[in-house]
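Structure, as structure tokens:
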Amino acid sequence: MNSIEQIVKNEPIVDIVTAFGVGLAYPSLDRMFSRYRFEVIASGELLSTYAQLFKEGVLANGEGPVPIKGPNWKAPQFVTEKRYVE
1 MNSIEQIVKN EPIVDIVTAF GVGLAYPSLD RMFSRYRFEV IASGELLSTY
51 AQLFKEGVLA NGEGPVPIKG PNWKAPQFVT EKRYVE
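1 is the number of the first residue of the sequence shown in my numbering; add one for each residue after it.
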């Protein structure tokens, strides 16, 4: 199992979108979840979480479709702990 698959299967959606939402447009996140955790897309949870992170200032609009870190962005715990570094 690769690192991305482990992260998508084991971490909370909000943490994954916080970490990967910076630098990836929504279609790329959608594709990542559709591969490893489709139920999140089918239920609408991915889209609602993505929108909520913009409202909370965790993500902000950048140039084009790729978000940037918002004023309230903070690295998720799995990132700071380097939990998936091989």
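C-beta atoms are modelled at their ideal positions from N, C-alpha and C, and glycine is treated no differently. Only a predicted model underlies this, so the values are computations on that prediction, with no experimental measurement involved.
Opening and closing residue of the alpha helix (DSSP H) in which Tyr50 lies: One-based indexing of the sequence shown puts residue 50 at position 50. Taken as a continuous stretch (DSSP letters only), the alpha helix (DSSP H) holding Tyr50 covers 45-55.
The stretch 70-86 touching the stretch 23-38, judged by at least three CB pairs closer than 8 Å: no
Supposed close pair Ile13, Thr49 - CB separation, criterion 8 Å: Here the question's residue 13 lines up with position 13 in the sequence shown. Here the question's residue 49 lines up with position 49 in the sequence shown. Contact holds; Cβ gap of about 5 Å.
DSSP three-state assignment for Ala75, whether helix, strand or coil: The residue given as residue 75 occupies position 75 in the sequence shown. Coil, per DSSP.
Three-state class that DSSP yields for Lys82 in the structure shown: By 1-based counting over the sequence shown, the position of residue 82 is 82. The answer is coil: DSSP assigns Lys82 none of H, G, I, E or B.
Close-in-space but distant-in-sequence residues of the same chain around Thr18 (CB under 6 Å, 5 per side omitted): Here residue 18 corresponds to residue number 18 of the sequence shown, with the count starting at 1. Counting only Cβ-Cβ distances below 6 Å, and skipping sequence neighbours, we find Val58, Pro76.
Alpha-carbon spacing of Asp88 relative to Ile4, whole angstroms: In the structure displayed, the chain extends from 1 to 86; residue 88 sits before or after that span and is not available.
Residue environment, Val70, which counts as buried when at least 16 other CB atoms sit within 10 Å: Taking the sequence shown and counting its residues from 1, the one referred to as residue 70 is at position 70. As written in the sequence, residue 70 is Gly, which differs from the Val given in the question. Flag for Gly70 reads buried.
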